[in-house]
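Chains as they are written, first to last, in our numbering: chain A, 492 to 1031; chain B, 28 to 504.
Positions of the beta carbon are idealized from the N, C-alpha and C atoms, including for glycine.
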Amino acid sequence: MRHVDRRYAVVLGVLAVVTAVVVLGQAEVLASVLSGGWSAWWLVAVVVARGVVVWGGRVVTQRFASSTKASLRKQVLRGSAGPSVRAGSVVTLVVKGLDAVEPYFAGYLPQLAVAAVVPVAVVVRLSFADLTSAVVVLVTLPLVPVFAALVGLHTRDRTRAQWAGLAVLGGHFLDVVRGLGTLKVFGRAAAQAGTVRAMAGAHAASTMRTLRVAFLSALVLELVATLSVALVAVPVGLRLLHGGVTLQVALLVLLLAPEAYLPLRSAGAQFHASAEGLAVLEAAAAHGPPPSASHGSPPRGTLDLILPEGTDKSTPSGTACGQPAVRHAVTVTGARAPDLRTAEIVVDRVVVRYPGRDALGGMSLRITPGERVALVGPSGVGKSTLLAVLMGFVTPASGRVLVGGVDLREVDRESWLRQLAWVPQRPTLFPGTVGENIALGSGGGVRDVRAAAAAMGLEHLVDAEHALSSGERQRVALARALVRDDARMLLLDEPTSRLDSGTEEAVLHATRRLTSGRTALIVAHRPVMLGEVDRVVAFG
Amino acid sequence: MPAVVAGVAAELAGIGLMTTAVWLIMRAAEQPPLSALTVAIVAVRALAVTRGGMRYVERLAGHSAVLRHLAEVRGRVYDALVRRPLNGGDALTRLVSDVDSMQDALLRCLLPGAVAVVVGVIALVATGFAWPLLVGLLVTVCVIPWAAHALAVRHLRALAPLRSALAEQTVVLLDGAAELTAFGALERELAATGQVVDSLAERERRGGLGAAALAAVAVGVQFGVALAFLLSGAPAHVVLGSVAVLEVALPLASAAQRWAEVHGSVRRVREVLSRPEEAAPPETELPVGRVGVVGASGAGKSTFLRQLAAAHPGLAKGVLDDAHVFHATVEANVRLARPDASQHDLDRVAALVDLDVPWDTVVGEDGDSLSGGQRQRLLLARALLADPEVLLLDEPVEGLTIDHGDAVLHKVLDHTTRTVVLVTHRLAPLVDFDHILVFEDGRITQQGTHADLIDTPGYYRDRWSTERLPVTANSRR
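Following this line, the structure appears as structure tokens:
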């Protein structure tokens, strides 16, 4: 229940009370009408009230579930929008996974509130009408959770073992289907067909063993509920026979007794929905800010992440560490970045730790203002990582980067990034026109964008929205950097790697323009780039 | 079928329980001799037990039938995929979850539907086709589910573009997060995605209104029928019995809604099952000797290897770029290549590739619990165990350090005397190869030996010179 905000809890409480009133009223009216008391038209009033409660309840809970989902979605997006590599699981969670919280918020929780209020109301009303029946209900009602718990306790270990087995079996089919290509290559596809059927059959048999037990608690619930109705109806009937109670009271008892058990049954039926919803909520909490402390070691394959709120978790830096960090992206407080027109950049024995290996190997490098440096070396040695470190995307495990004598970790990220222009290895194209893509994050006017596009030979594509070739993408990225007038340093990651020799010449020309008068760090794979720089630094 | 029978029995017992109990009380009020009530008293108790028991039987029988059916469907889906593979991991994941959704279609839609129809017909016969019940059943069994289905279909159709917009926006946001941060545009993009999220929520809220109204209407109909019976002077047990009968039909609205959601899954599974056999793979000539394949990423190297494997089943095997590691032991994964291999064979290939993981280690989903390098060596060991005519190796030492990778690859090449086709981004291993193919933009643009290629301007020579640079560079120009 800790996921529920207080307002919704109040709303659910009110709904449950109103439901209880309607349930009692309906039984009252039916008993009275059938025993010849009130006019039948009272029934109309009660049914209208009930319809309104059903409608209102569903609208309110649905509204709340939708808003909760929306805010969870935003929270997950904000929390995971960093250069993490595993986009797939987040996309699934955001688009589809979070739907599982809807049955939890709009189905299970309201039902739980009703189950807490209605049985109590029914017992109280019954005790005024017919104490004996009230006692019967009061005694049998706790049997439902008690028996369910007993059955659950008795079978818990077995059920758990079987569910664990089920997960393996269930995953097997997906696993085999995913590996079908591999099976085919090794000529094992046909042989596996039998195994798939056998596994699926075993899955079915094993599931049934689990269900036979799992349904027992439902059986107990059902039996207690129906037997209690019999236990109430028969004695009341007999007492009625001897004039011990009035017909109206007897009918009221008969109509109310089942209502005491119904909410418990409904809540029980929605239990699995709640389990799935809760699991998704946990997953969402793990993604969203604030970053959970348990994720200190990043998952396989991700960098030690960069998002502003996650910075400095591995390094005991002096600033603002004790306070809960500011959670908004790109608003980390810090010293204003030194002006790169005059400030020197010093990379001082930097090591970046990836899971399982280290990169950069304690490298040091000094870049003076206006200098153009090429980085060369085999793949995987850490050239792109160095660019990421300079942008503050990756925090070094040891060593530091100084900008004009100030540690980069203490520099205000926003003002620092404003001085950089980055051309990544695989530029992302965002939805929209090429022009909008070029204008990304720059205040530049239409003319600047057109000029940058023209410089990269893209003027005919400015208004285009269709897919671009990899060479065109690369040029969009270069234009994106070019349009950033105020950028003082360029970080180019293999700017010509995906270009054919024709466009390469154009891009070289543009790069020359881009770098003139600016500091530049260029990761180069092809020798042509080396003619454009002042210095070549070899890695490896 | 037994599930429907048990379900009908359970519902009838429930209705009978209510009707008999009401009859019992109404009759008792007339103060007849006790003997007039004995049958009813026994019936109430018996029906109470029957209802619970039959519900249990229904659940078990329903699940058992559905699970057996799904096992069969899984087998057939597998056969269909062997005949003609489905491209893309997402499509596969969806297909597998589609098969799972069929469980819902059967258990939550068709079973309650069938039970409600049978119970309704029996109730109609029992009441001599009383018109209030007939109308009530028509509305709750046909009209309301139909309307719920129509609403749900419309709602889903309205949601679909918003959902795909959200998916697209999310992918862009996550893939481009580094660039957005660097260019100071992350906040703006988050806000844009937030707008999509909000309009999705708004749409969901509106969709909920119709369903909520239908639920209210269903309750109204249920008691409207009772009122009609009441006004026409029917006895109390018929009035309340009709309420119990219509109670059975109430869940059909949500069943119809669910059907709208899972119907697509059922259709997609049927489509996969009925797809014709795949066209024969394109003819690709088998190379001979040691062949290197190089080119930028996305230039068509991996596709070329997969075509070779598809065109020459049984002859060309190896480590392809989509090679899968099964969630099983290391041994099962390697032995897959040759089930009858001896322990000696296994140990030999493991030694060749430095595979240092114990044979009985369970590797996790797609090798998740192995390191990248271990996973790669497992794949290599598997390929070597198969010992094919043509050994296909797509970046076989990716994930190993450069030195270790070179050493492992060297041992593998030394060991095998067969034809080898090696895709690599490092050119050093190709120096003594018989033939090298250079791929650019999906086709071969250059070929020849290493010596030929470094004499010709182009991709290979450029790459070679930068690969060699670290040894010579670090000079100030």
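What is the rounded straight-line gap between the Cα of residue i and the Cα of residue j?
i                 : j                 : result
Val35 (chain B)   : Leu113 (chain B)  : 41 angstroms
Gly41 (chain B)   : Ser719 (chain A)  : 13 angstroms
Ala472 (chain A)  : Pro139 (chain B)  : This structure cannot speak to residue 472 (chain A), because chain A is shown only from 492 to 1031.
Val637 (chain A)  : Arg756 (chain A)  : 14 angstroms
Val384 (chain B)  : Arg844 (chain A)  : 24 angstroms
Arg1036 (chain A) : Met980 (chain A)  : Residue 1036 (chain A) is absent from the model: chain A starts at 492 and stops at 1031.
Ala73 (chain B)   : Ala531 (chain A)  : 32 angstroms
Ala243 (chain B)  : Val537 (chain A)  : 13 angstroms
Leu920 (chain A)  : Asp954 (chain A)  : 14 angstroms
Ile1013 (chain A) : Asp849 (chain A)  : 22 angstroms
Glu905 (chain A)  : Ala1029 (chain A) : 30 angstroms
Arg1003 (chain A) : Met1020 (chain A) : 10 angstroms
Ala408 (chain B)  : Pro423 (chain B)  : 10 angstroms
Ser788 (chain A)  : Val581 (chain A)  : Low confidence applies here, because Ser788 (chain A) scores a pLDDT of 32, under 50, leaving its location unreliable and the question unanswered by this model.
Leu521 (chain A)  : Cys169 (chain B)  : 27 angstroms
Ala92 (chain B)   : Gly291 (chain B)  : 22 angstroms
Trp546 (chain A)  : Gly79 (chain B)   : 30 angstroms
Ala834 (chain A)  : Arg827 (chain A)  : 13 angstroms
Leu794 (chain A)  : Val841 (chain A)  : Confidence at Leu794 (chain A) is low in this model, with a pLDDT of 28, below 50, so the placement of that residue should be treated as unreliable; the coordinate-derived value is given next. The alpha-carbon atoms of Leu794 (chain A) and Val841 (chain A) are separated by roughly 15 angstroms.
Ala378 (chain B)  : Leu405 (chain B)  : 11 angstroms
Tyr499 (chain A)  : Pro594 (chain A)  : 15 angstroms
Asp127 (chain B)  : Ala760 (chain A)  : 20 angstroms
Val704 (chain A)  : Glu99 (chain B)   : 24 angstroms
Leu186 (chain B)  : Trp158 (chain B)  : 40 angstroms
Val821 (chain A)  : Leu851 (chain A)  : With a pLDDT of 39 at Val821 (chain A), under the threshold of 50, the modelled position of that residue is not reliable, and the figure given next carries that caveat. So the two alpha carbons sit approximately 26 angstroms from each other.
Would you call the CB atoms of residue i and residue j closer than 8 angstroms?
i                 : j                : result
Val289 (chain B)  : Leu273 (chain B) : no
Leu447 (chain A)  : Leu525 (chain A) : Nothing can be reported for residue 447 (chain A), as the shown portion of chain A is limited to 492 through 1031.
Arg190 (chain B)  : Leu134 (chain B) : no
Gln739 (chain A)  : Gly516 (chain A) : no
Thr174 (chain B)  : Leu241 (chain B) : The sequence given here has Ala at residue 174 (chain B), not Thr. The answer is yes: Cβ separation under 8 angstroms.
Gly728 (chain A)  : Ala63 (chain B)  : no
Leu747 (chain A)  : Ala604 (chain A) : no
Leu94 (chain B)   : Thr698 (chain A) : yes
Gly868 (chain A)  : Lys874 (chain A) : yes
Leu449 (chain B)  : Leu420 (chain B) : yes
Thr1006 (chain A) : Pro860 (chain A) : no
Gly926 (chain A)  : Ala944 (chain A) : yes
Leu464 (chain B)  : Val320 (chain B) : yes
Pro415 (chain B)  : Lys344 (chain B) : yes
Phe619 (chain A)  : Arg101 (chain B) : no
Ala287 (chain B)  : His176 (chain B) : yes
Thr631 (chain A)  : Val509 (chain A) : no
Val142 (chain B)  : Val49 (chain B)  : no
Leu178 (chain B)  : Gly237 (chain B) : yes
Leu97 (chain B)   : Met129 (chain B) : yes
Our contact map puts residue i next to residue j with C-beta atoms below 8 angstroms; I'd like the distance itself, whole angstroms only.
i                : j                 : result
Leu122 (chain B) : Val109 (chain B)  : Wrong, their Cβ atoms sit about 14 angstroms apart, outside the cutoff.
Arg863 (chain A) : Glu1023 (chain A) : 7 angstroms
Ala625 (chain A) : Ala507 (chain A)  : Between Ala507 (chain A) and Ala625 (chain A) the Cβ distance is about 20 angstroms, and since that is not below 8 angstroms, they are no contact.
Val892 (chain A) : Asp839 (chain A)  : 7 angstroms
Val514 (chain A) : Val609 (chain A)  : 6 angstroms
Leu999 (chain A) : Val914 (chain A)  : Contact flag wrong, Cβ pair sits at about 13 angstroms.
Leu866 (chain A) : Thr208 (chain B)  : The Cβ separation is near 21 angstroms, so there is no contact.
Ala150 (chain B) : Leu160 (chain B)  : 6 angstroms
Val562 (chain B) : Leu44 (chain B)   : Outside the shown range of chain B, which is 28 to 504, sits residue 562 (chain B), and nothing can be said about it.
Ala478 (chain B) : Leu412 (chain B)  : Not a contact, Cβ separation roughly 34 angstroms.
List the residues that DSSP assigns as beta-bridge partners of residue i.
i                : result
His462 (chain B) : B:Val318
Trp913 (chain A) : A:Leu982
Ser889 (chain A) : A:Val842
Gln58 (chain B)  : Answer is none; Gln58 (chain B) lacks a bridge partner.
Val448 (chain B) : B:Val318 and B:Leu419
Original post:
Is the region 293 to 305 of chain B touching the region 252 to 263 of chain B, taking contact as three or more C-beta pairs under 8 angstroms?
Top reply: no
Original post:
Is the region 559 to 575 of chain A touching the region 200 to 216 of chain B in the sense that three or more CB pairs, one from each, lie closer than 8 angstroms?
Top reply: yes
Original post:
Counting pairs of Cβ atoms below 8 angstroms between the region 431 to 440 of chain B and the region 338 to 356 of chain B, do you hit three or more?
Top reply: no
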